[in-house]
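Take the first sequence: its letter number 204 is residue 1466 in the working numbering, and every next letter is one higher. Heads up, the thing below is written out as structure tokens.
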Amino acid sequence: MAEPLPPQYSPQEHEDPLYRWWEEQGYFRADASSGREPYVIVIPPPNVTAVLHMGHGLNNTIQDVIIRWRRMQGREALWLPGTDHAGIATQNVVERILAKEGRTRYDLGREAFVERVWEFVRETGGQILQQLRAIGASLDWSRTRFTLDPELSTAVREVFVRLYEKGLVYRGHRIINWCPRCLTALSDEEAEPSEHQGRLWHLRYPVAEGVDAPGLPRLPDGRPYLVIATTRPETMLADTGVAVNPGDERYAAIVGRELELPLTGRRIPVVADEYADPEFGSGAVKITPAHDPNDFEVAQRTGLPALNVMTPEATINDEAPEAFRGMDRFEARRAVVAAFEELGLLERVEEHTHAVPHCYRCDTVVEPRLSEQWFVRMKPLAQPALQAWRDGELRFHPERFGKIYEHWMENIRDWCISRQLWWGHRIPVWYCRAEGCGETIAAREDPTGCPKCGGALEQDPDVLDTWFSSWLWPFSTMGWPDEDAPDLKAFYPGHTLVTAPEILFFWVARMVMAGLEFRGAIPFRDVYLTGTVRDHLGRKMSKSLGNGIDPLVVKERFGADAMRYTVISGSGAATDQYLNYENLEEAFGPGRNFANKLWNAGRFALMNLGDGPRVSLDEARDHLEPMDRWILSRLSKAFREVTEALERFRLQEAALRGYEFFWGELADWYLEMVKPRLRGDAGEESRRAAQATLAQALDGAMRILHPVMPFITEAVWRKLPRAADAEASLIVARWPEPRPEWEDEAAERAIEELQAVIGAVRTIRSEYGIQPAARVPLRVAASDEARAMLDASRRALRDLARVEELSFGAANGEVGASAVLRSGTELFVPLAGVIDLERERARLRDELGRLDGQIGGTEKKLANEAFVARAPENVVNYEREKLASFREQRGKLAEKLAALEGAA
RNA sequence: GGUCGCUUAGCUCAGCUGGUCCAGAGCGCUCGCUUCACACGCGAGAGGUCAUAGGUUCGAAUCCUAUAGCGACCACCA
1263 MAEPLPPQYS
1273 PQEHEDPLYR
1283 WWEEQGYFRA
1293 DASSGREPYV
1303 IVIPPPNVTA
1313 VLHMGHGLNN
1323 TIQDVIIRWR
1333 RMQGREALWL
1343 PGTDHAGIAT
1353 QNVVERILAK
1363 EGRTRYDLGR
1373 EAFVERVWEF
1383 VRETGGQILQ
1393 QLRAIGASLD
1403 WSRTRFTLDP
1413 ELSTAVREVF
1423 VRLYEKGLVY
1433 RGHRIINWCP
1443 RCLTALSDEE
1453 AEPSEHQGRL
1463 WHLRYPVAEG
1473 VDAPGLPRLP
1483 DGRPYLVIAT
1493 TRPETMLADT
1503 GVAVNPGDER
1513 YAAIVGRELE
1523 LPLTGRRIPV
1533 VADEYADPEF
1543 GSGAVKITPA
1553 HDPNDFEVAQ
1563 RTGLPALNVM
1573 TPEATINDEA
1583 PEAFRGMDRF
1593 EARRAVVAAF
1603 EELGLLERVE
1613 EHTHAVPHCY
1623 RCDTVVEPRL
1633 SEQWFVRMKP
1643 LAQPALQAWR
1653 DGELRFHPER
1663 FGKIYEHWME
1673 NIRDWCISRQ
1683 LWWGHRIPVW
1693 YCRAEGCGET
1703 IAAREDPTGC
1713 PKCGGALEQD
1723 PDVLDTWFSS
1733 WLWPFSTMGW
1743 PDEDAPDLKA
1753 FYPGHTLVTA
1763 PEILFFWVAR
1773 MVMAGLEFRG
1783 AIPFRDVYLT
1793 GTVRDHLGRK
1803 MSKSLGNGID
1813 PLVVKERFGA
1823 DAMRYTVISG
1833 SGAATDQYLN
1843 YENLEEAFGP
1853 GRNFANKLWN
1863 AGRFALMNLG
1873 DGPRVSLDEA
1883 RDHLEPMDRW
1893 ILSRLSKAFR
1903 EVTEALERFR
1913 LQEAALRGYE
1923 FFWGELADWY
1933 LEMVKPRLRG
1943 DAGEESRRAA
1953 QATLAQALDG
1963 AMRILHPVMP
1973 FITEAVWRKL
1983 PRAADAEASL
1993 IVARWPEPRP
2003 EWEDEAAERA
2013 IEELQAVIGA
2023 VRTIRSEYGI
2033 QPAARVPLRV
2043 AASDEARAML
2053 DASRRALRDL
2063 ARVEELSFGA
2073 ANGEVGASAV
2083 LRSGTELFVP
2093 LAGVIDLERE
2103 RARLRDELGR
2113 LDGQIGGTEK
2123 KLANEAFVAR
2133 APENVVNYER
2143 EKLASFREQR
2153 GKLAEKLAAL
2163 EGAA
């Protein structure tokens, strides 16, 4: 037979055509009317501007493994794809492009800018979906969604209006996180704290003229003063009070009196509030209601006014003294400190490390700012979502994330959902402009006039937080709010969500809330949290560091299967994975090698299983040998273990178990043992039994490995002789169930004994340098049971251990090497005639002599007091270790020599 | 500051409810192999005080306590 296939698997040749074929055959498409039990995963929609990176590679491979497995189990499997419009992120990208043209979004105006973003999205958006095809993701492309699709926008609007009508959406003046660069509000989750080496300035506020303040320290001019501490001195310009603890004796006398706020000429009162901690600093705290959330609350309790001294860009506005107007906030900080110092009002400055929030999109320092925004009241939504977890309906993998979820849910705060952006879902709220009307309406359909007075309406200029559409994703993608939509009925609620722990609060928790609120059911039962892909130095992979790995480059060099195997076998749930971007071979070579191993098993099958239909196991049943029963037993157990691992979301374990079965059991042992039978050495019946078993084992191995390595397994599987009832494609082939009737403990023990004997003989061969081609005699002393097992396996022993002749009985004063197995079986390999004893003895004596010389030399060196005293400690230790190692080697050599010299 | 996690061969990691793990894999390393599927391979081997100190137990890498180092998340201490 001519060489049928090249000895190296070429993923480039097979992967994309296979994917196209699967897609054309419609295997990815879910049928809402099949009536089969569904299994649903909705993709965490990547940003529409995203390009594939390893994080996506990991996350989507995990989802694909799960969905492929469930599809093979016969479930109506739906994995729904789509992208997120990603408000700030996308707007920023387009603004940067405009900036290169020297323009801003304001130059274009709102309408033209939004159109420009759409253009950008249409041209370059969604390429990540194409890239997901390349790594084998079996997504149902007929159901691709985008968060700004008309249907999804309808859902967003419906939800907003419903919540508004229920009083769960409200507008209010609050301190929010403001990004002075993006010029928008951010949610608490979007303001990311990072450690910052800052300072704590202690400032003196003198009491107002005529206020008596016994017990306070005094300035040189005799006026008493209070000391307050701040990390943001520039905000003192907006102070409207100072708070002390009501129980603080030191300040009891001046509560209700006034202070003179330096630099401003304003007088501000001292108020009593629990917020002031007597233990911290001086116990007095400045209150800046417009620039700090806590101060805002204090002000509400104590009736202090709020004064805003900053523009949206975070420069000082006209509310502040003239000297500071127009300054940037950090410039103002320096100026304020300098002014205090000049006035002798700067008490002291401390170094102070604290967490400063930064914009998660542009990393600008966030400025807390008083402004009017829309909020969702979260407590009523959180309660049932928390209960779902407590009742065990919602599960996290790994479990510990449940507690994190609980903690967040218990301490949930209202969600700021308005954004001062242009790209996104416009807030469906209109204000009546008619004098004295003041009507505000939230509407499902654009209104034409004020329902109350008929006056002209103006729509709220803001858009909704991106996550306000994302939290509806599990059902907005399925036709909601149409409760009769077929997809919604068939595929909601779904089953599993796979995502990064970072967005547990942004997204996961909110989806659970939305699912319960609007559909009365949680959107998924299992939440699998992925780890982070890092480089070999433990850094997150990022564009700016240039330490990323492009999955498509990996695909090109190693194949998508190699990439998939690497990420699945390389990390468990919420466990970070370290990949060296400078050494892709190290990271992905093993996966490629494994794929190649599978390929070659396919070649082997082609050469040995013949062209006809597969020999069935039933047909061969009466001629199965122990090795056949062994591999079938192992196969059944692999089916069970891989399935159990998948059920417990232990994908890594499933992949490694499949690897071990295929390579360590099937390829290393069964394939080798069965070769003579396939050649026909043991007759036609034995040959057919071997063919049937091998076909079965390869078939099973391809099935359990398919979810992890879909391409190579399909490529191999379709080459195997076809069983009578074979499916059209491995992707829809039935997931195998354990076969108790195959499990055979006696066969397993027999083959284990055989493996141990072969291993021992190989060790002896290797140690004595016996020529590979040379065959050795073997004598075994074993229990009757072991003896019977081995006797039945003479052929395998002859081939795998290159044993000339197997006999049973003890050694009898002969020259040779012996070994004792764990089972108690003793074996003896006579060496006379196999190796040139005289030469081997001479060689060993030579080596012994050389070692003795080295040992002597080292001993002498260590006996030298001057050396031990003067040489560095590590050098002396090195010599000692060397000596120990020489002695060990000598011992082994002496043993070998003794064996060669035998009893004589 | 609070909560949680991690610390096992040179490297990256498995070891699930304590007992065939007198510790396993992959990579790397050493030695030997063009053995008729595969050198992206085959065979053999070296290499580990399971972070440290106590404790529970007949028995602990596995449970408990403390300590150290690393990491994550949360947090308004100005």
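For every residue, glycine included, the Cβ atom is placed at its ideal position computed from N, Cα and C.
Bounds of the beta strand (DSSP E) holding Asp-1788 are 1788-1791. At a cut-off of 3 residues, the continuous stretches assigned as beta strand (DSSP E) that sit fully inside the segment 1656-1739 are 1657-1659, 1691-1694, 1702-1704 and 1719-1721.
Here DSSP, grouped into helix, strand and coil, assigns Phe-2070 to strand.
For the segment 1835-1920, not one full-length beta strand (DSSP E) segment reaches 3 residues or more. Beta-bridge pairing by DSSP links His-1614 to Gly-1460.
Residue burial annotation: Cys-1441 is buried, with at least 16 other C-beta atoms found within 10 angstroms of its C-beta. The way I'd put it, the segment 1489-1496 does touch the segment 1451-1462; three or more beta-carbon pairs between them come closer than 8 Å. With distances taken between CA atoms, Glu-1275 lies nearest to Asp-1823 out of Asp-1823, Gly-1317 and His-1347. The continuous beta strand (DSSP E) containing Gln-1635 extends over residues 1629-1638. For Trp-1925, the CB contacts under 8 Å within the same chain, skipping 5 residues up- and downstream, are Phe-1856 and Lys-1859 in chain order. Going by beta carbons, His-1315 and Thr-1728 fall outside the 8 Å limit. Judged by beta-carbon spacing, Val-1304 lies beyond the 8 Å limit of Val-1383, meaning their Cβ atoms are not closer than that value.
By the Cβ rule, the segment 1975-1982 counts as touching the segment 1947-1964, because three or more pairs are nearer than 8 Å. Phe-1592: member of the alpha helix (DSSP H) spanning 1591-1604, first to last residue. For Pro-1307, the number of other beta carbons within 10 angstroms of its own is at least 16, and it is reported as buried. When Ile-2032, Glu-1285, Val-1376 and Ala-1447 are compared, the shortest CA-CA separation from Leu-1726 is found for Ala-1447. Taking one beta carbon from each stretch, the segment 1741-1754 and the segment 1787-1807 have fewer than 3 pairs nearer than 8 Å; the two do not touch.
Looking at the DSSP output, Asn-1309 sits in a beta bridge with Asp-1346.
Boundaries of the alpha helix (DSSP H) around Gly-1962: 1946-1967. Each of Asp-2061, Arg-2027 and Glu-1451 was checked against the Cα of Tyr-1932, and the nearest Cα belongs to Asp-2061.
According to the DSSP secondary-structure assignment, Pro-1455 is paired through a beta bridge with Pro-1619. Apart from the 5 residues on each side of it in sequence, Tyr-1271 sits with its Cβ closer than 7 Å to the Cβ of Ala-1857, Asn-1858, Trp-1861 and Ile-1974 in its chain, given in chain order. Rounded to whole angstroms, the separation of the alpha carbons of Ile-1679 and Leu-1525 is 37 Å.
Here His-1553 has Ile-1437, Arg-1494, Thr-1497, Ala-1500, Asn-1570, Val-1571, Met-1572, Glu-1629, Pro-1630, Arg-1631 and Leu-1632 as same chain residues with Cβ atoms under 8 Å from its own Cβ, once five neighbours each way along the sequence are excluded. Exposed is the label assigned to Pro-1713, since fewer than 16 other Cβ atoms lie within 10 Å of its Cβ. Only residues of its own chain outside the window of five on either side were considered, and among them Glu-2015, Ala-2018, Val-2019, Ala-2022 and Leu-2089 have a CB closer than 8 Å to the CB of Leu-2083, listed in chain order. Contact between the segment 1766-1776 and the segment 1797-1815 is absent: fewer than three C-beta pairs spanning the two stretches fall below 8 Å.
Ranked by Cα distance from Ala-1453, the first of Glu-1471, Cys-1624 and Arg-1330 is Cys-1624.
DSSP, reduced to helix, strand and coil, places Lys-1548 within a strand of the structure shown. In this structure the segment 1649-1657 does not lie against the segment 1685-1704, because fewer than three pairs of beta carbons, one per stretch, are closer than 8 Å.
Phe-1290 places its beta carbon less than 8 Å from that of Trp-1403.
Per DSSP, reduced to three states, the secondary structure at Thr-1406 is coil, with no helix or strand assignment.
As the crow flies, the alpha-carbon of Gly-1853 is around 17 Å from that of Gly-1864.
Judged by their CB atoms, Leu-1918 and Ser-1831 are nearer to each other than the 8 Å cut-off.
Straight-line spacing of the CA atoms in Phe-1911 and His-1659 works out to 7 Å. Counted as a single uninterrupted DSSP element, the beta strand (DSSP E) harbouring Glu-2088 occupies residues 2088-2092.
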